[in-house]
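Numbering (the numbering used here), first residue to last: 154 to 461.
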């Protein structure tokens, strides 16, 4: 097992900042959709704008780019699975699902990441601790979804399942990226994947929704700009900085901030209200993340163990 990277006050600040940025992204998506923008152009403009910012950052920092065509092909393909597909699923789902519930269900990403990694890597096997965390997390998803709602198989239940499927896409992408792109810098990988997503989503938007409209209200353009430049491009740069400071496992803890921020903003800006089962599901998912992370349990054990 890799040693824990120091969890400093700076890392905590980045963790809170990233969680708040991503939490607000669900609200921004809802605002844009309610303002009349189509799902396909929403995700196309989000990835296209983020792609431009990330490329500008790579060129400004003179980051070394992959020299092999095979690496670029993998990056572009992963962009379909890791950006285009989940962004589309989440945005489509938010046409019928409140933004707060969307954030809660997307917390399943960490659960899927553990399960897929256990299938792909020997050093990521399901230990009793991880099995407990996954079990609690799956229970949290079921509670948040609502068994009765799922059995109805209506548009709302399909949208909720789409949010869970987006989490699976993220989990698969993390494993495939580790398998195929170990030699590519994370920031470069993120830029390449975003490029693949934009190159696929813009043609789809043109074919399905025609040319993008320009008559949207000001709040829609603000929501679009926030989604592309802050919630995607800048958030990715913060994300990889956080990993460098505090380790990859810490990034999953952003979910503990994403969902509450999304719920709060949804209530204030969009006047949303969620059923009690959504809050119960989030508490279970939060407990699952704490179990999977392990640091809280280690600290409790250390405090309970008398000093010699």
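Every residue gets a Cβ at the ideal spot worked out from N, C-alpha and C, and that includes glycine. Nothing here was measured: the structure is a model prediction, and the numbers come from that model.
Worksheet item: Just the Cα atoms here: how many angstroms apart are residue 268 and residue 392?
Response: On the chain shown, residue 268 is found 115 positions in, with the first residue counted as 1. On the chain shown, residue 392 is found 239 positions in, with the first residue counted as 1. Residue 268 and residue 392 have their C-alpha atoms some 22 Å from each other.
Fill in: Coarse secondary structure for residue 190, derived from DSSP in three states
Looking up residue 190 in the chain shown gives position 37. Residue 190 carries a coil assignment under DSSP once its states are collapsed to helix, strand and coil.
Worksheet entry | Beta-carbon proximity list for residue 337, same chain, < 7 Å, skipping 5 on both sides | Here residue 337 corresponds to residue number 184 of the chain shown, with the count starting at 1. Within the same chain, residue 337 has close Cβ partners 219 and 224.
Discussion item. To test your reading of the DSSP string, which unbroken alpha helix (DSSP H) runs of 4 or more residues are found completely within the stretch 185-271?
Written reply: Within the stretch 185-271, the complete alpha helix (DSSP H) runs of at least 4 residues are 192-214, 222-232, 238-246 and 252-258.
Worksheet entry | Sub-7 Å separation of residue 228 and residue 444 beta-carbons | Your numbering for residue 228 matches position 75 in the chain shown. Your numbering for residue 444 matches position 291 in the chain shown. Residue 228 is not a Cβ neighbour of residue 444, given a cutoff of 7 Å.
Practice prompt. State the CB to CB distance for the pair residue 261 and residue 330, rounded to an integer number of angstroms; the pair is presumed to be in contact (CB under 8 Å).
Written response: Working through the chain shown from its first residue, we reach residue 261 at position 108. Working through the chain shown from its first residue, we reach residue 330 at position 177. So it is not a contact: roughly 19 Å between Cβ atoms.
Worksheet item: Got a sec? Which residues, its chain only, sit under 6 Å from residue 197 by beta carbon, not counting five neighbours each side?
Response: Counting from one through the chain shown, the residue named residue 197 turns up at place 44. Excluding residues within five positions, the ones whose Cβ falls inside 6 Å are 354, 355 and 358.
Worksheet item: Looking at residue 264 and residue 326, is the spacing between their C-beta atoms short of 7 Å?
Response: Residue mapping note: residue 326 aligns to position 173 of the chain shown, counting from 1. Residue mapping note: residue 264 aligns to position 111 of the chain shown, counting from 1. No, Cβ-Cβ distance for residue 326 and residue 264 is not below 7 Å.
Worksheet item: Does the stretch 404-414 come within contact of the stretch 169-189, defined as at least 3 CB pairs closer than 8 Å?
Response: Because the criterion of three Cβ pairs below 8 Å is met, the stretch 404-414 and the stretch 169-189 touch.
Worksheet item: Do the stretch 410-426 and the stretch 369-382 make contact, defined as three or more Cβ pairs closer than 8 Å?
Response: The stretch 410-426 makes no contact with the stretch 369-382, as fewer than three CB pairs between them are under 8 Å.
Fill in: Beta-carbon contacts of residue 165 that lie in its chain and below 6 Å, excluding the five residues immediately before and after
Counting from 1 along the chain shown, the entry for residue 165 is found at position 12. Within its own chain, no residue has a Cβ closer than 6 Å to the Cβ of residue 165 once the five positions on either side in sequence are excluded.
Discussion item. If the criterion is Cβ atoms closer than 7 Å, does the pair residue 289 and residue 440 meet it?
Written reply: Numbered from its first residue, the chain shown carries residue 289 at position 136. Numbered from its first residue, the chain shown carries residue 440 at position 287. Pairing residue 289 with residue 440 gives a Cβ-Cβ distance under 7 Å.
Worksheet entry | Whole-number beta carbon distance between residue 426 and residue 420, since they are thought to touch under 8 Å | Within the chain shown, numbered from 1, the residue matching residue 420 stands at position 267. Within the chain shown, numbered from 1, the residue matching residue 426 stands at position 273. The beta-carbon separation of residue 420 and residue 426, rounded to 7 Å, stays under the 8 Å limit for a contact.
Item to complete: Would you give the residue range spanned by the alpha helix (DSSP H) that residue 299 belongs to?
Response: Taking the first residue of the chain shown as position 1, residue 299 is located at position 146. First-last for residue 299: undefined, no H or E at that position.
Worksheet item: Would residue 253 be called buried (16 or more neighbouring beta carbons within 10 Å of its own) or exposed?
Response: Position 100 of the chain shown, counted from the first residue, corresponds to residue 253. Classification of residue 253: buried, given that the 10 Å Cβ count is 16 or more.
Worksheet item: Among 206, 397, 380 and 203, which one has its Cα closest to the Cα of residue 182?
Response: For this step, residue 182 is matched to residue 29 along the chain shown. Among 206, 397, 380 and 203, the Cα nearest to that of residue 182 belongs to 380.
Fill in: Reference residue 308, options 248, 215 and 226, closest by Cα
As a working note, residue 308 is residue 155 in the chain shown. Across the set 248, 215 and 226, the C-alpha of 248 shows the shortest separation from the C-alpha of residue 308.
Discussion item. Excluding the 5 residues flanking residue 240 on each side, which residues of the same chain have their C-beta closer than 6 Å to its C-beta?
Written reply: Counting from one through the chain shown, the residue named residue 240 turns up at place 87. Closer than 6 Å at the Cβ level, and outside the excluded window around residue 240, lie 196.
Worksheet item: Just to confirm, are residue 297 and residue 257 a CB contact at a threshold of 7 Å?
Response: Start at 1 with the first residue of the chain shown, and residue 297 comes out as number 144. Start at 1 with the first residue of the chain shown, and residue 257 comes out as number 104. Closer than 7 Å, so yes.
Fill in: Rounded straight-line distance, which links the Cα of residue 168 to that of residue 300
Against the chain shown, residue 300 aligns to sequence position 147. Against the chain shown, residue 168 aligns to sequence position 15. C-alpha separation (whole angstroms): 33 Å.
Item to complete: Using three-state DSSP, classify residue 337 as helix, strand or coil.
Response: Locating residue 337 in the chain shown gives position 184, counting from the first residue. DSSP, read as helix, strand or coil, puts residue 337 in coil.
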